[in-house]
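Novice:
Written out as structure tokens, the structure reads:
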């Protein structure tokens, strides 16, 4: 299956760069946390916020949102165009409760792996 990146308009690209620039200029602390936040935001555009919850723990998601000054549920798609790259997302489609998988109550679903 051929994958294509999520399209982005010039306006969306500017807003994204502005958000990253503002977060970078205002950030104080461990640079690895800023790197992670920016990466999660960019990958989240492709995967969606639901798959991100299966990849990262709640603490990481909250820290990323705080650093960027956004709520991923408001700025990212629920399920992105390329969510099926996430092994965890594919596994979560086969379980009875997505939220139990997020909480780790269903073993073997949460994973940072993509294909």
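In the numbering used here, the protein residues as written are 232 to 346.
All C-beta atoms in this analysis are idealised placements derived from N, C-alpha and C, irrespective of residue type, glycine included.
Remember, predicted model here, so these are calculated numbers, not experimental data.
In terms of DSSP beta bridges, what is residue 286 paired with?
Specialist: Paired residue(s): none; residue 286 is not in a bridge.
Novice: Quick check on the DSSP output: the alpha helix (DSSP H) that includes residue 237 runs from which residue to which?
Specialist: Looking at the DSSP string, residue 237 is not in any alpha helix (DSSP H), and its letter there is neither H nor E.
Novice: When burial is assigned at 16 or more other CB atoms within 10 Å of the CB, is residue 298 buried or exposed?
Specialist: Under this definition residue 298 is a buried residue.
Novice: With 16 as the cutoff for other CB atoms within 10 Å, does residue 270 come out buried or exposed?
Specialist: Counting Cβ neighbours within 10 Å, residue 270 comes out exposed, since fewer than 16 surround it.
Novice: Applying the criterion that 16 or more other CB atoms from any shown protein chain within 10 Å of the CB defines a buried residue, is residue 239 buried or exposed?
Specialist: Counting Cβ neighbours within 10 Å, residue 239 comes out exposed, since fewer than 16 surround it.
Novice: Where does the unbroken alpha helix (DSSP H) through residue 333 begin, and where does it stop?
Specialist: Taken as a continuous stretch (DSSP letters only), the alpha helix (DSSP H) holding residue 333 covers 329-334.
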